[in-house]
Amino acid sequence: MEMPAFLHLFLFFHIIKLVKEKKLAHNTLKQAKINKKDEFYTQLSDIEKELKHYKAHFKGKTVLCNCDDPRVSNFFKYFALNFKHLGLKKIITTCYKNQDVDLFSENNSEKAVWIEYEGNPNDDTNTDFSTIKVNKLKGDGDFRSKECIELLKQADVVVTNPPFSLFREYVAQLIEYDKKFLIIGNQNAITYKEIFPLIRNNKLWLGFTGGNMKFTVPSYYPEMKTRFWVDENGQKWRSMGNTYWFTNLDHSKRHEDLILYKKYTPEEYPKYDNYDAINVDKVSDIPMDYCECIGVPISFLDKYNPEQFEIVRFRKGDDGKDLVYTREREFCHTSA
Ligand SMILES: C[S@@+](CC[C@H](N)C(=O)[O-])C[C@H]1O[C@@H](n2cnc3c(N)ncnc32)[C@H](O)[C@@H]1O
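No gaps in the numbering here: position 18 of the sequence shown is 3 in the numbering used here, and each next residue is one more.
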């Protein structure tokens, strides 16, 4: 039986509408993904620059990279290439795969996968990964999922650049499972009410390097006026001026004294109206001979040596100025 013409028309419009709706949903999901700013891929050179300060922490250890597609992650690449050099026991890598078909990452992982690598005795150069078995995860590879937590339990040290939108939860989980970690995050995370107490209580601190870092981003990320470029291969890049490593692995910079040279005068260092502390705008201007509370910008944490200073409090500034209140340990002890 032939279909009436108006039904053809109706079906045609209906199909167009469905396609449009699907496209809209796809775009909305894509936009949501862009807004989260989670797809920033770390460069091998940035990983190398930081990791060279921690060699002693990795001997005989199992490392987990749990936000990393092992087929493309530079974190996996770094640990696999340096497997012998670091004396690793094992690398476990798991990758997240959003189960929405329209949101396939550009890494083309159709399923969340994981691998474990225990070195290759037949490959002295550690460059042949072809024998590594890629296993499928049952779920989407969310670091909070049961199967990923089971892998987390096996790990001694977790090293990755986790999704920034889930940074609080990510760190909370590492603390809950009492893991050593070295992860990338945005400087703003210092001000989170879940993160700052960890810094004050010396359970987390900034790593060795940081500040400016560049990342590759997916092609669907929008162009930006600043801190954005496309390379000769068409690869999009973004750079961030406030990216730091967050860790609970000890490193030598954390024990270096900040050299202070300025002398305190009440004229140069006025007190706040609402807090009993003097204001210091630049970390290098902290007076060497002041024993009470000092308000410093949060960039101070990049220079923080817990043997030299004590962190007293953190203030989230409603004037856009976030401060750490700190006190000098050495001077206060010797002058007491
Ligand atoms: C900042 S990117 C870094 C990727 C990779 N670690 C690197 O440094 O190149 C964070 C990655 O975490 C993934 N991700 C997002 N939500 C996740 C989750 N709930 N569990 C695990 N990974 C997740 C994102 O898809 C993204 O690829």
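Virtual Cβ for every residue (Gly too), placed ideally from N, Cα, C.
Beta-carbon proximity check, residue i vs residue j, cutoff 9 Å
{"i": "Ile175", "j": "Leu286", "result": "yes"}
{"i": "Val98", "j": "Leu73", "result": "no"}
{"i": "Tyr289", "j": "Cys278", "result": "no"}
{"i": "Pro55", "j": "Thr27", "result": "no"}
{"i": "Pro282", "j": "Tyr254", "result": "no"}
{"i": "Ser284", "j": "Val265", "result": "no"}
{"i": "Arg153", "j": "Glu179", "result": "yes"}
{"i": "Gln139", "j": "Leu49", "result": "yes"}
{"i": "Asp31", "j": "Met198", "result": "yes"}
{"i": "Lys46", "j": "Phe193", "result": "no"}
{"i": "Lys22", "j": "Phe149", "result": "yes"}
{"i": "Ile160", "j": "Lys188", "result": "yes"}
{"i": "Leu183", "j": "Thr112", "result": "no"}
Per DSSP, cross-strand counterpart(s) of residue i
{"i": "Arg298", "result": "Tyr310"}
{"i": "Glu272", "result": "For the record, residue 272 in the displayed sequence is Pro; it is not Glu. Beta-bridge pairing links Pro272 to Lys247."}
{"i": "Leu49", "result": "Ile77, Val143"}
{"i": "Ile263", "result": "Lys256, Ile279"}
{"i": "Arg223", "result": "Phe200, Phe213"}
{"i": "Tyr26", "result": "Thr201"}
{"i": "Leu191", "result": "Phe231"}
Span of the alpha helix (DSSP H), counted from its first residue to its last, around residue i
{"i": "Arg153", "result": "152 to 161"}
{"i": "Asn233", "result": "It is not in any alpha helix (DSSP H) - Asn233 carries neither H nor E in the DSSP assignment."}
{"i": "Leu73", "result": "Taken as a continuous stretch (DSSP letters only), Leu73 belongs to no alpha helix (DSSP H), as it is neither H nor E."}
{"i": "Leu183", "result": "181 to 185"}
{"i": "Leu29", "result": "29 to 36"}
Where residue i falls: helix, strand or coil (DSSP)
{"i": "Glu241", "result": "coil"}
{"i": "Asn290", "result": "coil"}
{"i": "Phe89", "result": "With a pLDDT of 36 at Phe89, under the threshold of 50, the modelled position of that residue is not reliable, and the figure given next carries that caveat. DSSP places Phe89 in coil when its eight states are reduced to three."}
{"i": "Phe166", "result": "strand"}
{"i": "Arg212", "result": "coil"}
{"i": "Glu63", "result": "The sequence as given places Tyr at residue 63; Glu does not occur at that position. It is helical."}
{"i": "Gln84", "result": "Residue placement at Gln84 cannot be trusted, given a pLDDT of 45 that sits under 50; the coordinates are not used to answer."}
{"i": "Asn197", "result": "strand"}
{"i": "Ile117", "result": "coil"}
{"i": "Asn173", "result": "helix"}
{"i": "Lys328", "result": "Shown here, the chain extends from -14 to 321; a query on residue 328 therefore has no answer."}
{"i": "Lys40", "result": "helix"}
{"i": "Lys123", "result": "coil"}
{"i": "Lys138", "result": "helix"}
Residue i: first and last residue of the uninterrupted beta strand (DSSP E) it sits in
{"i": "Glu101", "result": "98 to 102"}
{"i": "Pro282", "result": "279 to 282"}
Rounded distance between the beta-carbons of residue j and residue i, thought under 8 Å
{"i": "Trp190", "j": "Thr232", "result": "6 Å"}
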